[in-house]
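Residue numbers (the numbering used here): 1 to 217. Ideal Cβ placement from N, Cα and C applies to all residues, glycine included. Here the structure is a predicted model, which means the values were calculated and not measured.
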Amino acid sequence: MEFAVQMHCKGCVDSIKSKLDKVNEISKIDINLDKEQVVIESTLPSAVVQKLIEDTGRRAVLKGIGGFPKAVAVLGSRDEMSVGYSDDLVFGVIRFIQVNQDECVIEGVVDGLSPGLHGLHIHESGDISHGCQSIGDHYNPLNAKHGDPSQDERNRHLGDLGNITADEMGRATFRMTDRFLKTWDLVGRSVAVTEGEDDLGAGNHPNSLIDGNSGRR
Numbered sequence: 001m002e003f004a005v006q007m008h009c010k011g012c013v014d015s016i017k018s019k020l021d022k023v024n025e026i027s028k029i030d031i032n033l034d035k036e037q038v039v040i041e042s043t044l045p046s047a048v049v050q051k052l053i054e055d056t057g058r059r060a061v062l063k064g065i066g067g068f069p070k071a072v073a074v075l076g077s078r079d080e081m082s083v084g085y086s087d088d089l090v091f092g093v094i095r096f097i098q099v100n101q102d103e104c105v106i107e108g109v110v111d112g113l114s115p116g117l118h119g120l121h122i123h124e125s126g127d128i129s130h131g132c133q134s135i136g137d138h139y140n141p142l143n144a145k146h147g148d149p150s151q152d153e154r155n156r157h158l159g160d161l162g163n164i165t166a167d168e169m170g171r172a173t174f175r176m177t178d179r180f181l182k183t184w185d186l187v188g189r190s191v192a193v194t195e196g197e198d199d200l201g202a203g204n205h206p207n208s209l210i211d212g213n214s215g216r217r
């Protein structure tokens, strides 16, 4: 992942490197003072890495993640110009990065949630003309039952991404991988967060095998 970072001297470089060197999940750091550029290899969400850099007192902006095919979903809205939708004050950005044929990285930050677990799902339609009521069911090209994202594609919807966890401030920051999703199959679809926890198809409620009984979108 590449960040544009305000840096003016070698002290800036040393401060950022010292901060990032202490993080086990960061495997490679490349800092270019002249270009004001920091390139990181990490399993952490980009928002977490950005905060680590900004904790050194320097403003950082994410410029990109790798040279792989990507898709971006905007959730919710804080103004009428947003391309997302929310009945409440939920908003965020989720990125899908196809790092190879068999691995899609999903990372994002969602704000405005109640603390705790919330289901995250890809839906079959990108039509938000009627909000979350017009986005259709979970993306499910193989006509499977709802399930755990760790299962194979015959035992889950391809749109089943499991749960994200919101902290006490209502923010969920996450990074996960999926073996079956392909970014090129996500064009024209939508992503929704639910008000409750997804039981991953393991519950006793009739909706468990439909949407994990995770409640309102």
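Extent of the continuous beta strand (DSSP E) run through residue i
{"i": "Ala60", "result": "60 to 64"}
{"i": "Leu20", "result": "From DSSP, Leu20 is part of no beta strand (DSSP E) but of the alpha helix (DSSP H) over 10 to 21."}
{"i": "Phe180", "result": "First-last for Phe180: undefined, no H or E at that position."}
{"i": "Gln37", "result": "37 to 42"}
{"i": "Asp160", "result": "160 to 166"}
{"i": "Gly108", "result": "103 to 111"}
{"i": "His121", "result": "116 to 123"}
{"i": "Leu75", "result": "70 to 76"}
Coarse secondary structure for residue i, derived from DSSP in three states
{"i": "Cys132", "result": "helix"}
{"i": "Ser214", "result": "coil"}
{"i": "Arg171", "result": "coil"}
{"i": "Asn155", "result": "helix"}
{"i": "Ser150", "result": "coil"}
{"i": "His138", "result": "strand"}
Euclidean distance between Cα positions of residue i and residue j
{"i": "Gly92", "j": "Asp160", "result": "19 Å"}
{"i": "Ile128", "j": "Ser134", "result": "6 Å"}
{"i": "Met1", "j": "Asn204", "result": "42 Å"}
{"i": "Asp137", "j": "Asp21", "result": "44 Å"}
{"i": "Asp152", "j": "Lys10", "result": "49 Å"}
{"i": "Asn32", "j": "Ile210", "result": "49 Å"}
{"i": "Ile225", "j": "Asp14", "result": "Since the first residue shown for the chain is 1 and the last is 217, residue 225 is missing from the structure and cannot be characterised."}
{"i": "Gly57", "j": "Lys19", "result": "11 Å"}
Continuous alpha helix (DSSP H) stretch holding residue i: start and end
{"i": "Asp211", "result": "208 to 211"}
{"i": "Val99", "result": "Counting along the chain, Val99 falls outside any alpha helix (DSSP H), though it belongs to the beta strand (DSSP E) covering 91 to 100."}
{"i": "Gln50", "result": "46 to 54"}
Integer Cβ distance of residue i from residue j, believed to fall under 8 Å
{"i": "Ile40", "j": "Ile16", "result": "Contact flag wrong, Cβ pair sits at about 10 Å."}
{"i": "Gln192", "j": "Pro115", "result": "Reading off the sequence shown, one finds Ala at residue 192, where the question assumed Gln. So it is not a contact: roughly 19 Å between Cβ atoms."}
Counted within 10 angstroms of its Cβ, other Cβ atoms place residue i as buried (16 or more) or exposed
{"i": "Asn163", "result": "buried"}
{"i": "Glu168", "result": "exposed"}
{"i": "Leu120", "result": "buried"}
{"i": "Gln50", "result": "buried"}
{"i": "Met81", "result": "Residue confidence for Met81 is low, a pLDDT of 46 falling below 50, so the modelled location carries little weight; the figure read from the coordinates is stated next. The residue in question, Met81, is exposed, as its Cβ has fewer than 16 Cβ neighbours within 10 Å."}
{"i": "Arg236", "result": "A query on residue 236 cannot be resolved here, the shown segment of the chain reaching from 1 to 217 and no further."}
{"i": "Pro45", "result": "buried"}
{"i": "Ala202", "result": "exposed"}
{"i": "His123", "result": "buried"}
Residue i beta carbon near the ligand SAM (any heavy atom closer than 8 Å)
{"i": "Lys10", "result": "Only the bare structure without any ligand can be found here, which leaves the ligand SAM out of the picture."}
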